[in-house]
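Trainee: Supplied in structure tokens, the structure appears directly below.
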Amino acid sequence: MKRKSFFVGLVASLFAFLPILTAIDASALKIIDEAKLYFYGMNGIYYYRNAGSGDDCTVETGSNQNYAGVPVWSEAELAAINENRAIYEEVANEYGFPWQVLAVLHSLETGLRRYNPNNGQGVYQLYSYTKGGTNENSFAPASSISEDEFRRQTEIAGSIVSSMAGDLNNPDNVKKLFFKYNGASSQYIEKALAMGFSLEEAQNGEGSAYVMNGYDARRDPSSSEMDPAWAGRYTKDGVYDASSTTGRMGAYVKYEALYGNDYCEDTEGGSGIFGGDIVETAKLLSWDGKGHSASDPKQEYIEAMKAVGTYFTPCRNSSDCAPVGASCDIFVATVMRYSGADPSFPATGPAVQESYMQSHPEMYTQVMVSDTSDLQPGDILVATDNGRHIYINLGNGQQASASYNDRTGENFSGVYLSDKGGSRHYNVYRRTH
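Counting in numbering that gives the first Met the number 0, the sequence shown runs from 0 upward without gaps.
Below, the structure written as structure tokens:
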């Protein structure tokens, strides 16, 4: 199926905002079942409709089903992914690829557990890095691991993954990554060629059960339409069984079910549940005026954080943690994701967020302004000093922001391009299409 040029948001958990829906044109929403709503809410996926187009985006993005309607992820797996998601995101954002890649690898290699197997290859089964678990990089002992150790191993895996297959925002490169990660066997390349795939497609893993099992009827052992050439796989290291098949979904099938089966193209500015409008969403999620403590987030903000995966305690270090939502980066990330303006906006610090915007010129433009009168509603301002801060311009001299361990999301008067007596300056970024 055809992929569009970029991923546009869809609407997350509708249940949290049933009272608000009465004020929204029902034709702008696609009604979906409870199982899908659960999946969307767990994974920060939004349903999306083109603004003013008169027709809904009808692809099954985030349906958690393969081509035949078979569920790909269990509820228990989704719960485990949600528990690990903040770490997946932190590392994936650092290297600029979708966090779902790490979740899939973690699932296939150690069943989403934070546990070192006894082969010394760690949570992500890093064979080459550990030389089969025999060198100084091996992960020991074989036991459950701490969150810090899981983060360390995820960082190592992220570094390796980022260098294996090019830009992982390209679906073909995601397939290639999974293929190379499992071992790009010539047996699987020959199989793909026998099934009619091109050499390039074969080298991307189209013939590998690890990558593509269950993707379509030709590669589904449970289907009467399975291609006879699809049988054959490595059942263990060095052992190829020409008649073997598996019922396990392939890595790319699992990836699509988590990331989304397709991309809806935004042609007229976009409209998530609140119109794709950064400003209106920022107002919805923040208190009017100052004076709201770090431990007093607005209920709508709480529900939004849960829906998009930013509901976690931000920590500068092990002894310095802020209440949930009381951090400027978390607030801006929640607004960007929940509005549908950018479902992949990172939530791991203003420095990472600025780097992300700079690395996505197809979505963001750095705007050179000399006065606040040059700002537009929805502009994102990022401080350039080491203390760093990020906030959203609402227009009319208003801003929306939170502050680490100080206050929750608020909107109030006061927009500036520098502060702290002029010692701290702000760069301005604008979401464009």
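For glycine and all other residues, C-beta sits at the position ideal for the given N, C-alpha and C.
Evaluate P349 with the Cβ neighbour count: other Cβ atoms within 10 Å of its Cβ, from every protein chain shown; 16 or more gives buried, anything less gives exposed.
Mentor: So P349 ends up on the buried side.
Trainee: Between A230 and the rest of its own chain, which residues show a CB-CB distance below 6 angstroms, the 5 nearest in sequence each way excluded?
Mentor: Result list for A230: S242, T244, in chain order.
Trainee: Comparing C-alpha positions only, which one of Q365, P322, V278, G206 sits nearest to A193?
Mentor: Measuring from the Cα of A193, the nearest candidate turns out to be G206.
Trainee: Rounded to whole angstroms, what's the CA-CA distance from K179 to V252? Just pull it up for me.
Mentor: The straight-line gap from Cα to Cα measures roughly 16 angstroms.
Trainee: Suppose the cutoff is 6 angstroms on Cβ atoms and the five residues either side in sequence are ignored; what does the same chain contact list for L396 look like?
Mentor: A small correction: the amino acid at residue 396 is Gly; Leu does not occupy that position in the sequence shown. The answer, listed in chain order, is S412, V414.
Trainee: Which term fits N410, buried or exposed, when burial requires 16 or more other beta carbons within 10 angstroms of its beta carbon?
Mentor: Classification of N410: buried, given that the 10 Å Cβ count is 16 or more.
Trainee: Would you kindly work out how many angstroms separate the C-alpha atoms of I86 and S422, rounded to a whole number?
Mentor: So the alpha carbons of these two residues sit roughly 33 angstroms apart.
Trainee: What distance in whole Å lies between the Cβ atoms of L104 and A156, which are believed to be in contact at a cut-off of 8 angstroms?
Mentor: The Cβ separation is near 7 angstroms, so the contact holds.
Trainee: Can you give me the C-alpha to C-alpha distance between D215 and I391, rounded to a whole angstrom?
Mentor: Cα to Cα, D215 sits roughly 44 angstroms from I391.
Trainee: Using the Cα positions of V368 and G290, report the straight-line distance between them to the nearest angstrom.
Mentor: Cα to Cα, the separation comes out at about 30 angstroms.
Trainee: Which of helix, strand or coil does DSSP assign to H291?
Mentor: In the structure shown, H291 sits in coil (DSSP, three-state: anything other than H, G, I, E or B).
Trainee: I need the straight-line Cα distance from A332 to F149, nearest angstrom please.
Mentor: Their backbone Cα atoms lie some 24 angstroms apart in a straight line.
Trainee: How is R218 classed by DSSP in three states: helix, strand or coil?
Mentor: Three-state result, R218: helix.
Trainee: Counting only runs that start and end within the segment 68-104, where is the alpha helix (DSSP H) found for 4 or more residues in a row?
Mentor: Runs of the alpha helix (DSSP H) inside the segment 68-104: 74-94.
Trainee: Which value, in whole angstroms, describes the spacing of the CA atoms of A164 and R247?
Mentor: If you take the alpha carbons of A164 and R247, they lie about 24 angstroms apart.
Trainee: Excluding sequence positions up to five away, which residues of its chain have a Cβ less than 6 angstroms from the Cβ of R429?
Mentor: The residues are T364, V366, D378.
Trainee: State buried or exposed for N115, treating a residue as buried only when at least 16 other CB atoms are found within 10 Å of its CB.
Mentor: Looking at its Cβ environment, which holds 16 or more other Cβ atoms inside 10 Å, N115 is buried.
Trainee: What residues are listed by DSSP as bridge partners for Q365?
Mentor: DSSP output for Q365 lists Y428 as bridge partner(s).
Trainee: Since A382 and V334 are thought to touch, with beta carbons under 8 angstroms apart, how far apart are those beta carbons, to the nearest angstrom?
Mentor: Not quite, the Cβ-Cβ distance comes to about 17 angstroms (not below 8 angstroms), so this is no contact.
Trainee: In whole angstroms, what separates the C-alpha of Y123 from that of G132?
Mentor: The alpha-carbon atoms of Y123 and G132 are separated by roughly 12 angstroms.
Trainee: Report the option in S142, Y254, P296, S137 whose CA atom is closest to the CA atom of A102.
Mentor: If we check each option's Cα against that of A102, Y254 comes out closest.
Trainee: On a Cα-Cα basis, can you pick out the residue from H359, S223, R387, L393 that is closest to L374?
Mentor: Checked all of H359, S223, R387, L393; the closest Cα to L374 is L393.
Trainee: If you reduce the DSSP assignment to three classes, tell me which class V331 lands in.
Mentor: DSSP places V331 in helix when its eight states are reduced to three.
Trainee: Please classify S197 as buried or exposed, where buried requires at least 16 neighbouring CB atoms within 10 angstroms.
Mentor: Exposed: under 16 other Cβ atoms inside 10 Å.
Trainee: For S161, which residues in the same chain have their Cβ closer than 8 angstroms to its Cβ, ignoring the five residues on either side in sequence?
Mentor: Taken in chain order, the residues that qualify are Y94, G95, F96, L167.
Trainee: Could you round the C-beta distance between M362 and T431 to whole angstroms and report it? I think they count as a contact, below 8 angstroms.
Mentor: So it is a contact: roughly 7 angstroms between Cβ atoms.
Trainee: Return the CA-CA distance between D32 and N63, expressed in angstroms with no decimal places.
Mentor: Because D32 carries a pLDDT of 41, less than 50, the predicted location of this residue cannot be relied on, and the following value inherits that uncertainty. Rounded to the nearest angstrom, the two C-alpha atoms are 12 angstroms apart.
Trainee: Pull up the distance between the alpha-carbon of T309 and that of E154, whole angstroms please.
Mentor: If I take the Cα positions, the gap works out to 20 angstroms.
Trainee: I'd like the list of long-range same chain contacts for T347, defined as Cβ closer than 6 angstroms, with 5 residues on each side in sequence excluded.
Mentor: Cβ neighbours of T347 beyond the five flanking positions: E89, N92.
Trainee: According to DSSP, is G157 helix, strand or coil?
Mentor: Three-state DSSP puts G157 in a helix.
Trainee: Can you name the residues that DSSP bridges to G324?
Mentor: The partner list for G324 (beta bridge, DSSP) is empty, contrary to what the question assumes.
Trainee: Can you tell me which of the three DSSP states Q64 falls into?
Mentor: Of the three classes helix, strand and coil, the one that applies to Q64 here is strand, per DSSP.
Trainee: Please classify N310: does DSSP put it in a helix, a strand, or coil?
Mentor: One point to set straight first is that residue 310 is Tyr, not Asn, in the sequence displayed. Correct three-state label for Y310: coil.
Trainee: So, using beta-carbon positions, are Y300 and S285 closer together than 8 angstroms?
Mentor: It is a contact, given that the beta carbons lie within the stated cut-off.
Trainee: Ignore the nearest five residues each way along the sequence and tell me which others in D24's own chain have a CB closer than 7 angstroms to its CB.
Mentor: Only weak support exists for where D24 lies, its pLDDT of 34 falling under 50; the coordinates are left without a value.
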